[in-house]
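Q:
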Amino acid sequence: MNVEPSGVILFDVCIIQTERCVGKNPAPVTAVWTSPGRTQVNVCRPCLEEKIRAGEWDIQGARVEQRVDVAVYSTEKQLQLVVEVKKNPNEKNVDSQNWATKIRRSLFVHAGIPNTPYFLLADVPDFLYLWKNREPTNYETPPDYVIKAKDVLAKYKNQIPSTSGMEQYGFELIINSWLKELVHTKISISKNPSLKWLFDSGLYEAIKNGSVVMESPANAQCY
Amino acid sequence: MFISGRNKEGLSEREIQNCLWAWELLLGGKNNIKLVTEEANQHHSRTRFSETKNVVYLGADVKPGYGIEANSRMSILACLAHELSHAQRFELGFQRPIALPDVLIDEAETSLHASFIPVLSPKDRENLIEDARDRLNQWLAHSEE
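Quick look at the structure:
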């Protein structure tokens, strides 16, 4: 949807109120006009940018800094893994790998996601799709591994915020907790057969003892 | 900000408060760069980014004036967006030239940088882009001399 900022500054409550909102109580916000009908929406800057990032609003001439949901770095502070959390709007198991492949392609081609050795797409709340990136990069390649999310994330599920509309953000928090524990824990296949994919792909070795950052700038190459 | 045609009259308390809101809107909750208002009520005071203090000083020229060029027409929000962009570019490691003519290129780049800020109106964006063009024209004219 095309949106036109008015450039007017108001001291008011932000109507959008994403989880990054700074206008849940009266604060400086701006009025934008949505189309059709030029409806006025008072919005703070973080929420305005979230709407643009989500592709729901389009403002001609504007740019926002792209972020990745979770970034994982090696001990040498090299970016190894980018995780994006999305919700598949289709029915469960209906061509979900195809959906995941399209999402990955779109993120790389249009959203400026950095081309890291590994890319993980978390499909809230059912699957994790892992790609081991190869040169030359082929964005049409299906995921190398499809993992049932409950196999690795079950113990974190009580961390999902109960607030409606926070499911995706809650899943980001879970992934963040899981990866933080993973990089600092010594694990073996024999004790964790459900994590075989983690060893086979080389991901565990790549991020072992590394660091995990939530909502990292997409252009960050080291941390 | 090179202020030939911008306002020169000191700001009132209400105008300063409006500028603080505009600044808060632009920062979007980050609060990493302070807007210093102590000079704003003085005539001829200048809005500027201080690299050494990492703050932006609010001046009388934050308001548009009667000049005809894009720089004179720029709104308070666009002017502050320009100064915020100076601070952001400095944080990114861009070294600012301080002498003519190259300072004009830095100013042009800064205005272009600012023009992408989402909260700006189409007119603000256009004025910032025009301001960049004017400064590049000045640079070209200077280099031909």
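Chain order of the listed sequences is A and B. For reference, each letter of the first sequence is one residue, going 13 to 235 in the numbering used here. For reference, each letter of the second sequence is one residue, going -7 to 137 in the numbering used here. Heads up, the beta-carbon is just placed ideally off N, CA and C, and yes, glycines get one too. No experiment lies behind these values; they were computed from the predicted model shown.
#1: Grouping DSSP H, G and I as helix and E and B as strand, with all else coil, what is Val164/A?
#2: Please list the partners that Ser18/A has in chain D, where partner means a Cβ-to-Cβ separation under 9 angstroms.
#3: Over the uninterrupted alpha helix (DSSP H) stretch that includes Glu31/B, give me the two end residues.
#4: Between the alpha carbons of His74/B and Leu120/B, how many angstroms are there, rounded?
#5: Going straight from the alpha carbon of Trp13/B to that of Lys22/B, what length do you get?
#6: Pick from Cys71/B, Ser135/B, Pro110/B and Val47/B: whose alpha carbon is nearest that of Asn24/B?
#7: Is the CB of Asn10/B under 9 angstroms away from at least one CB in chain A?
#8: Measuring straight from C-alpha to C-alpha, what distance separates Ser108/A and Pro58/A?
#9: What is the residue span of the alpha helix (DSSP H) that Glu118/B lies within?
#10: Are the C-beta atoms of Ala74/A and some chain B residue less than 9 angstroms apart?
#11: In whole angstroms, what is the alpha-carbon distance linking Arg127/B and Ala100/B?
#12: Out of curiosity, what's the CA-to-CA distance linking Val28/B and Ile109/B?
#13: From this set, Asp116/B, Glu61/B and Leu112/B, which residue's C-alpha is nearest Gln130/B's C-alpha?
#14: Alpha carbon to alpha carbon, how far is Lys89/A from Tyr235/A? Give it in angstroms, no decimals.
#15: Using a Cβ-Cβ distance cut-off of 9 angstroms, determine whether Ile71/A contacts chain B.
#16: Kindly say whether Pro110/B, judged by its beta-carbon, lies nearer than 9 angstroms to any beta-carbon of chain A.
#17: So, does the segment 41 to 52 of chain A touch the segment 75 to 94 of chain A, judging by three or more C-beta pairs under 8 angstroms?
#18: What does a CB cutoff of less than 8 angstroms around Ile201/A pick up in its chain, not counting 5 residues either side in sequence?
#19: Quick check on DSSP: helix, strand or coil for Tyr58/B?
#20: If you measure from the beta carbon of Ile21/A to each beta carbon in chain B, is any gap under 9 angstroms?
#21: Quick check on the DSSP output: what are the complete beta strand (DSSP E) runs of length 3 or more inside the segment 69 to 156 of chain A, in order along the chain?
A: From the atom records:
#1: Position 152 of the first sequence, counted from the first residue, corresponds to residue 164/A. The answer is helix: DSSP assigns Val164/A an H, G or I state.
#2: Absence of chain D from the displayed structure is noted, the protein chains being A and B.
#3: Mapped onto the second sequence, residue 31/B falls at position 39. No alpha helix (DSSP H) holds Glu31/B; DSSP gives it neither H nor E.
#4: Stepping through the second sequence from its first residue, residue 74/B is reached at position 82. Stepping through the second sequence from its first residue, residue 120/B is reached at position 128. Those two C-alpha atoms are separated by around 8 angstroms.
#5: For this step, residue 13/B is matched to residue 21 along the second sequence. For this step, residue 22/B is matched to residue 30 along the second sequence. Cα to Cα, Trp13/B sits roughly 13 angstroms from Lys22/B.
#6: Residue numbering aside, residue 24/B sits at position 32 when the second sequence is read from its first letter. Nearest option by C-alpha distance: Val47/B.
#7: Taking the first residue of the second sequence as position 1, residue 10/B is located at position 18. Yes, contact with chain A.
#8: Locating residue 108/A in the first sequence gives position 96, counting from the first residue. Locating residue 58/A in the first sequence gives position 46, counting from the first residue. Taking the straight line joining both Cα atoms gives about 31 angstroms.
#9: The count along the second sequence starts at 1 and reaches residue 118/B at position 126. Segment Pro114 to Glu136, the alpha helix (DSSP H) holding Glu118/B.
#10: Along the first sequence, one-based indexing puts residue 74/A at 62. Yes, Ala74/A counts as interfacial toward chain B.
#11: Locating residue 127/B in the second sequence gives position 135, counting from the first residue. Locating residue 100/B in the second sequence gives position 108, counting from the first residue. For Arg127/B and Ala100/B, the distance between alpha carbons rounds to 6 angstroms.
#12: As a working mapping, residue 28/B is identified with position 36 in the second sequence. As a working mapping, residue 109/B is identified with position 117 in the second sequence. The straight-line gap from Cα to Cα measures roughly 21 angstroms.
#13: Position 138 of the second sequence, counted from the start, is the residue given in the question as residue 130/B. Per the Cα distances, Glu61/B.
#14: If you number the first sequence from 1, residue 235/A lands on position 223. If you number the first sequence from 1, residue 89/A lands on position 77. In this prediction, Tyr235/A has a pLDDT of 40, which is less than 50 and means its spatial position is unreliable; nothing more can be read from the coordinates.
#15: Counting from 1 along the first sequence, the entry for residue 71/A is found at position 59. Taking Cβ atoms only, chain B reaches closer than 9 angstroms to Ile71/A, which makes this a yes.
#16: Within the second sequence, residue 110/B is the residue found at index 118, counting from 1. Pro110/B counts as touching chain A.
#17: no
#18: Walking along the first sequence from the start, residue 201/A turns up at place 189. Excluding residues within five positions, the ones whose Cβ falls inside 8 angstroms are Leu207, Lys208 and Phe211.
#19: The residue you call residue 58/B lines up with position 66 of the second sequence. Correct three-state label for Tyr58/B: coil.
#20: Locating residue 21/A in the first sequence gives position 9, where the first residue counts as 1. So yes, Ile21/A belongs to the interface.
#21: 79 to 85, 91 to 98, 130 to 135 and 139 to 144
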